[in-house]
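Asker:
Protein chains: 2
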Amino acid sequence: MTLQILPVIMSGGSGTRLWPLSTPAAPKQFHALATDNTMIQETVLRLIGDSFLRPVAICGRGHLDLVTAQLEAIGHPPQEVILEPFGRNTAAVAAMAALSGLALAPEALILMVPADHVIAQPSAFLEAVMAAGETAKTRIVTFGIQPSHPETGFGYIERGAELSPGNYEIARFLEKPDLATATQYVAGGSHVWNAGIFLFSPQVMLEELELHAPEVLAACRTAYETARREGPAVHLDDVIFGQVPSISIDYAVMEHTQRSAVVPCDIGWADVGGFRELWRLADKDNHGNHVKGDAILIEAENCLIRNDGGPIVAIIDMADIMVISTPSGILIAPLSRAQDVKKAAEAAKSFLNLGAKS
Amino acid sequence: MTLQILPVIMSGGSGTRLWPLSTPAAPKQFHALATDNTMIQETVLRLIGDSFLRPVAICGRGHLDLVTAQLEAIGHPPQEVILEPFGRNTAAVAAMAALSGLALAPEALILMVPADHVIAQPSAFLEAVMAAGETAKTRIVTFGIQPSHPETGFGYIERGAELSPGNYEIARFLEKPDLATATQYVAGGSHVWNAGIFLFSPQVMLEELELHAPEVLAACRTAYETARREGPAVHLDDVIFGQVPSISIDYAVMEHTQRSAVVPCDIGWADVGGFRELWRLADKDNHGNHVKGDAILIEAENCLIRNDGGPIVAIIDMADIMVISTPSGILIAPLSRAQDVKKAAEAAKSFLNLGAKS
């Protein structure tokens, strides 16, 4: 029998690292960053075919319309949209995914994927998923990204003994390393990036949550069962969901369970954690500029220029900068300062709050 | 008897050097650049008092509402607004000024001033005007700006013999010099900048136009006399005004007449020909930044940030640049490239035209 997989799209997060493109009202998964589709659309579009059921999405309450509209626009409306009144970290998301899977397709495996990652080689990703299918019937599989460089911004997973071709036990989870440590990891060949992509059966996840994070599971089960349903929308109650401890699935389950596995893969994965990464991934002209939207470049080099619906942007004699123009704000900074964008986002928030008060 | 002066405000010009702030629909004289008033408002506000009649404005046809509204807003509505269907240079403007003055106040002197100049010491300017009053009854007086530095972007006037205290004959007009020549001019002490500000009696101007530019005068007279009038508006006819030769008052009259004079003055004058000049003139914070409108500065130095009604602008780690954000466009460039702003303005024009066609 063919493997049946239920994609569960994790559309949480309202990061400030891509402000003003990404805002609380429309975080980055709802924007077209690397392609003409939005990131959540790309995420769903790479998980279609005979093995895949219609997706489930888990998102913030305010994003119901965005999720529904964007997935309907590509012809893949969600079976369920589970609406969190506020974020409660990824253990709660995994619990909701398992509960939803048990209700909708108990025989299927659940592929839980973030809505805001780039995967440049989707067919390699699908191969990795299929290669993990057998293991995932009894273990929670996480996909580890073969590191291309000694990145210090990600957590790592060290693989253990081989379970079957391409499937390994997990020796340990490792926090974000310093550069020397990251360099050792890359040289050693047995460490991969922790990308937060999981394949599991609902039963196994529920059993492991029961064992290692029973409070998370109990509160999530009550919240899921008492939720108000309206079409595909599953409205979780504020008070009940507020009882769920906020903890990551790695801390809650993965670092403790005996039933885990890692499948290393090389799939052109990227987190797009900031504008420098976006510029690195994007198509560029002969001068190293990536331009999206109406813009005039006069002597510009290695710039990221995005004009998302604002007035025309003109740049003269600038290099290595980003200019992001949206109706929410305009950001101008060196690409090398991409990590400081969140400061601007925070300041913009305070600024707008002050303005609203006065 | 007190000197009576009719201010004639020259509000032509639709320069591209301050794009996107300045646009054909609203050139720089209609914007608040150096103060909270617009430049045309400042121009009128420095010419009020017992000696001054209500002003006349000469502007492009499309700017009637702007001129009227901005002068009414400061309580000095114009007596006449002479509407040119297109620009025909400054000889035509001087002729219209003289014809209007003859009609409205034949005994008054006409003070013809550009609407888009900064004069930081208005009382010094008024003193210079008063000091020129006697001479202006028989000569066309131009006010020469004492040069503060060897500027190569302006024409110069060399003064001749003294006519009366502070009033001089004009030895010659000089085109924009190279730096060596400009340095000599400044060192010599007998050269001043040609600012295009004139004081004259309508009769003298009309006689000198008749003598040196009879075609300009004849066509302007016909246009002024046949104009359609509606309240203060004087609508010049396209075809008739189209007969007026396009020539500057300097070329047409000033370089030929025997009846000219120059009054040197030191009045904090500036042309605001570009954003670098605007930054130089503007109030700045401790880091050398001039900020107008909603903006967030994180590690910014010596920047000009103007947000005229756009979304909030955030700058991280930038120095010596200008950011001009308006509903018409967003400009980002080093202040040192202010002279290239017109390239961006031209490109924006082509871009928008292309967009409109497609």
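Protein chains in written order, with my numbering: chain C, 1 to 358; chain P, 1001 to 1358. Every residue, glycine too, gets a C-beta built ideally from N, C-alpha and C. Small disclaimer: the values here were computed from a predicted structure and weren't measured.
1. Whole angstroms are fine: how far does the CA of residue 62 (chain C) sit from the CA of residue 363 (chain C)?
2. Between residue 1113 (chain P) and residue 1263 (chain P), is the Cβ-Cβ spacing less than 8 angstroms?
3. By a C-beta neighbour count over all protein chains shown, 10 Å radius and 16 as the cutoff for buried, is residue 1149 (chain P) buried or exposed?
4. Drop a sphere of 10 angstroms on the beta-carbon of residue 1176 (chain P), count the other beta-carbons inside from all chains shown, and report buried for 16 or more, exposed for fewer.
5. On the CB-based measure, 16 or more other CB atoms within 10 Å of its CB, does residue 1344 (chain P) come out buried or exposed?
6. Step through the CB atoms of chain C and report whether any lies within less than 8 angstroms of the CB of residue 1249 (chain P).
7. How about residue 59 (chain C) and residue 12 (chain C): do their beta carbons lie closer than 8 angstroms?
8. Quick check on the burial criterion: 16 or more other C-beta atoms within 10 angstroms. Buried or exposed for residue 1070 (chain P)?
9. Are at least three pairs of beta-carbons, each pair with one atom in the region 305-314 of chain C and one in the region 1338-1352 of chain P, less than 8 angstroms apart?
10. Would you mind giving the Cβ-Cβ distance between residue 1318 (chain P) and residue 333 (chain C), rounded to the nearest angstrom? I have them listed as a contact below 8 angstroms.
11. Cutting at 6 angstroms between CB atoms, please list the residues of its own chain near residue 1255 (chain P), excluding the five before and the five after it.
12. DSSP three-state call for residue 1213 (chain P): helix, strand or coil?
13. Just the C-alpha distance for residue 9 (chain C) and residue 299 (chain C), rounded to the nearest angstrom, thanks.
14. When the distance is taken between beta carbons, is residue 268 (chain C) closer than 8 angstroms to residue 121 (chain C)?
15. Using a Cβ cut-off of 9 angstroms, which residues of the region 1014-1032 of chain P contact any Cβ in chain C, in chain order?
16. Under three-state DSSP, which class holds residue 1086 (chain P)?
17. If we cut at 8 angstroms on Cβ distances, does residue 1331 (chain P) have a partner in chain C?
18. Quick one: Cα of residue 1357 (chain P) to Cα of residue 1023 (chain P), how far?
19. Are the C-beta atoms of residue 1327 (chain P) and some chain C residue less than 8 angstroms apart?
20. When you compare only the Cα positions, how much space is there between residue 1232 (chain P) and residue 1225 (chain P)?
21. If you count every other CB in all the chains shown that lies within 10 Å of the CB of residue 1274 (chain P), and 16 or more means buried, which is it?
22. Could you tell me how far apart the beta carbons of residue 198 (chain C) and residue 88 (chain C) are, in whole angstroms, since I believe they sit closer than 8 angstroms?
23. Nearest to residue 1191 (chain P) by alpha carbon, out of P:1208, P:1178, P:1171?
24. Under 8 angstroms by Cβ, that's how I've got residue 164 (chain C) and residue 183 (chain C) pegged, so tell me the actual separation to the nearest angstrom.
25. Straight-line CA distance for residue 1330 (chain P) to residue 1287 (chain P)?
26. Is the shortest distance between the beta-carbon of residue 294 (chain C) and the beta-carbons of chain P less than 8 angstroms?
27. For residue 1342 (chain P), return the contacting residues in chain C, with the cut-off set at a CB-CB distance below 9 angstroms.
28. Spell out whether any CB of chain C is found under 8 angstroms from the CB atom of residue 1337 (chain P).
29. Chain P beta carbons: is any one of them nearer than 8 angstroms to that of residue 285 (chain C)?
30. Provide the residue span of the alpha helix (DSSP H) that contains residue 1133 (chain P), from first to last.
31. Any beta-carbon of chain P closer than 8 angstroms to the one on residue 310 (chain C)?
32. In whole angstroms, give me the CA-to-CA distance for residue 118 (chain C) and residue 1271 (chain P).
33. Hey, is residue 320 (chain C)'s beta-carbon within less than 8 angstroms of any beta-carbon in chain P?
34. On the CB-based measure, 16 or more other CB atoms within 10 Å of its CB, does residue 1260 (chain P) come out buried or exposed?
35. Pop quiz: residue 365 (chain C) and residue 249 (chain C) are said to be a contact at Cβ under 8 angstroms. What is the actual Cβ separation, rounded to whole angstroms?
Answerer: Taking the structure as given:
1. For chain C, the structure presents residues 1 to 358; residue 363 (chain C) sits outside this window and is missing.
2. With respect to residue 1263 (chain P), residue 1113 (chain P) sits apart: the two C-beta atoms are not nearer than 8 angstroms.
3. Residue 1149 (chain P) is exposed by the Cβ-count criterion.
4. Label assigned to residue 1176 (chain P): exposed.
5. Buried.
6. So no, residue 1249 (chain P) is outside the interface.
7. Result yes, Cβ atoms of residue 59 (chain C) and residue 12 (chain C) sit closer than 8 angstroms.
8. The residue in question, residue 1070 (chain P), is buried, as its Cβ has 16 or more Cβ neighbours within 10 Å.
9. In this structure the region 305-314 of chain C lies against the region 1338-1352 of chain P, because at least three pairs of beta carbons, one per stretch, are closer than 8 angstroms.
10. Between residue 333 (chain C) and residue 1318 (chain P) the Cβ distance is about 7 angstroms, and since that is below 8 angstroms, they are a contact.
11. Within the same chain, residue 1255 (chain P) has close Cβ partners 1173.
12. In the structure shown, residue 1213 (chain P) sits in coil (DSSP, three-state: anything other than H, G, I, E or B).
13. In this structure, the CA atom of residue 9 (chain C) is about 42 angstroms from the CA atom of residue 299 (chain C).
14. Yes. Within cutoff.
15. Within the region 1014-1032 of chain P, the qualifying residues are 1019, 1020.
16. The answer is coil: DSSP assigns residue 1086 (chain P) none of H, G, I, E or B.
17. Answer yes: the Cβ-Cβ gap between residue 1331 (chain P) and chain C drops below 8 angstroms somewhere.
18. Note that residue 1357 (chain P) scores 41 on pLDDT, short of 50, meaning its location in the model is unreliable; the coordinates nonetheless yield the value given after this. C-alpha separation (whole angstroms): 20 angstroms.
19. Put simply, the CB of residue 1327 (chain P) is near chain C, with a gap under 8 angstroms to one of its CB atoms.
20. In this structure, the CA atom of residue 1232 (chain P) is about 14 angstroms from the CA atom of residue 1225 (chain P).
21. Buried, by the Cβ-count rule.
22. The beta-carbon separation of residue 198 (chain C) and residue 88 (chain C), rounded to 17 angstroms, does not stay under the 8 angstroms limit for a contact.
23. Between residue 1191 (chain P) and the set P:1208, P:1178, P:1171, the nearest pair of CA atoms involves P:1171.
24. Incorrect: roughly 30 angstroms between the Cβ atoms, too far for contact.
25. Put simply, the backbone Cα of residue 1330 (chain P) is about 23 angstroms away from that of residue 1287 (chain P).
26. It does; some Cβ of chain P falls within 8 angstroms.
27. Within 9 angstroms Cβ-Cβ: nothing; residue 1342 (chain P) doesn't reach chain C, min ~11 angstroms.
28. So yes, residue 1337 (chain P) belongs to the interface.
29. Any Cβ of chain P closer than 8 angstroms to the Cβ of residue 285 (chain C) would place that residue at the interface, and such an atom is absent.
30. In this chain, the alpha helix (DSSP H) harbouring residue 1133 (chain P) covers 1122-1136.
31. Using a CB distance cut-off of 8 angstroms, residue 310 (chain C) counts as an interface residue toward chain P.
32. Between residue 118 (chain C) and residue 1271 (chain P), the C-alpha separation is close to 52 angstroms.
33. So no, residue 320 (chain C) is outside the interface.
34. Burial is judged here by how many other beta carbons sit within 10 angstroms of a residue's own beta carbon; residue 1260 (chain P) has at least 16 and is buried.
35. Nothing can be reported for residue 365 (chain C): it is not among the residues displayed for chain C, which extend from 1 to 358.
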